[in-house]
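In our numbering, the protein residues as written are 70 to 385.
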């Protein structure tokens, strides 16, 4: 790969990766899409005439790669997108239908998404997946990447009138589906750090009363790959108390840096074994949403060991 291409395109790779993640809802799919995007761009770089910026050119290639991926694969969801919350927390968690594809977390340095933290939050990315693919692309290119409407139209092979129509429908749906921007979790906020520490301590000590003190009344909990999810403090605490928190000291919890989606993120170990990645929405009133990804295969993506037995300095 010649240095001209590397110098021109290389610094844009993190931004294009996050773009593909917004389009696809999966860190692994986004990485595949970025690799294909940069391979196509490298092969075509000699023909790049500079009529647009390299950034716009890469967004155009990446968007079309992602649209092809979307056509070939089922839409990704979170459990709340599959039905109503579970009311009986003592029941075993329900399995999702075969072939269900989950929205997953992405390691994102909050500093890298300064000014656009909302657009990389897990709930926002999940809401994007409910949009038809071309509406999703139009919204991301125009409102997140901030490309002019004519460049969005060129990327999608359509007209500015069609782009504006797609944007109108996409914005209306996102106004209903997307999270409240006022509820942003800043992992570096001292008040949120304090609440997070209290949550970690309560979880490790299996202290349900202490957990109750840090959860909002309207807290929700989701745990892919199970379809079951819970809404409300009583239901969430009931589930954690009866199905999860066996005894004090069973779980070890480590903060994760960089966090998932610019949100407070925890690596949860059962004994010494990787158990789950938790991604939280936290505000000054408490924890409002708990995503528990029961997928140990995510640990390496976040630079976390899959076993504490091999990392004695990490096990307390």
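Note that the Cβ used here is the ideal one computed from N, Cα and C, for glycine as well. Everything numeric in this text was worked out from a predicted model, so none of it was measured.
Excluding five sequence neighbours on each side, which residues of the same chain lie with their C-beta closer than 6 Å to the C-beta of residue i?
| i | result |
| --- | --- |
| residue 274 | 317 |
| residue 84 | none |
| residue 89 | 99, 102, 103, 131 and 135 |
| residue 314 | 275 |
| residue 354 | 285 |
According to DSSP, simplified to helix, strand and coil, what is residue i?
| i | result |
| --- | --- |
| residue 131 | helix |
| residue 170 | strand |
| residue 70 | Legend: pLDDT at residue 70 = 40, less than 50; position of this residue unreliable, no value from coordinates given. |
| residue 334 | strand |
| residue 88 | helix |
| residue 194 | helix |
| residue 347 | strand |
| residue 294 | coil |
| residue 145 | strand |
| residue 378 | coil |
| residue 188 | helix |
| residue 212 | helix |
| residue 307 | helix |
| residue 367 | helix |
Specify, as a first and last residue, the run of the beta strand (DSSP E) that residue i falls within.
| i | result |
| --- | --- |
| residue 221 | Segment 218 to 225 is the alpha helix (DSSP H) holding residue 221; no beta strand (DSSP E) there. |
| residue 358 | 355 to 362 |
| residue 299 | 298 to 300 |
| residue 291 | 284 to 291 |
| residue 114 | Run containing residue 114: none; DSSP gives neither H nor E here. |
| residue 159 | Neither: residue 159 is in no beta strand (DSSP E) and is coded neither H nor E. |
| residue 199 | Taken as a continuous stretch (DSSP letters only), residue 199 belongs to no beta strand (DSSP E), as it is neither H nor E. |
| residue 324 | 320 to 324 |
Beta-carbon separation of residue i and residue j under 8 Å?
| i | j | result |
| --- | --- | --- |
| residue 156 | residue 296 | no |
| residue 111 | residue 138 | no |
| residue 196 | residue 170 | no |
| residue 148 | residue 96 | no |
| residue 100 | residue 134 | no |
| residue 343 | residue 365 | yes |
| residue 284 | residue 361 | no |
| residue 193 | residue 247 | yes |
| residue 93 | residue 348 | no |
| residue 287 | residue 301 | yes |
| residue 376 | residue 326 | no |
Using DSSP's beta-bridge definition, name the partner residues of residue i.
| i | result |
| --- | --- |
| residue 231 | Partner(s): none; residue 231 has no beta bridge. |
| residue 352 | 355 |
| residue 164 | 295 |
| residue 329 | 176 |
| residue 339 | 320 and 342 |
With a CB to CB cut of under 7 Å and the five nearest residues on each side skipped, what residues in its chain are close to residue i?
| i | result |
| --- | --- |
| residue 125 | 216 and 220 |
| residue 224 | 128, 129, 132 and 210 |
| residue 241 | none |
From what residue to what residue does the alpha helix (DSSP H) around residue i run?
| i | result |
| --- | --- |
| residue 272 | 259 to 273 |
Below 8 Å CB to CB, which residues in the same chain sit around residue i once its five sequence neighbours on both sides are set aside?
| i | result |
| --- | --- |
| residue 70 | Note that residue 70 scores 40 on pLDDT, short of 50, meaning its location in the model is unreliable; the coordinates nonetheless yield the value given after this. These residues qualify, in order along the chain: 111. |
| residue 276 | 270 and 317 |
| residue 281 | 302 and 306 |
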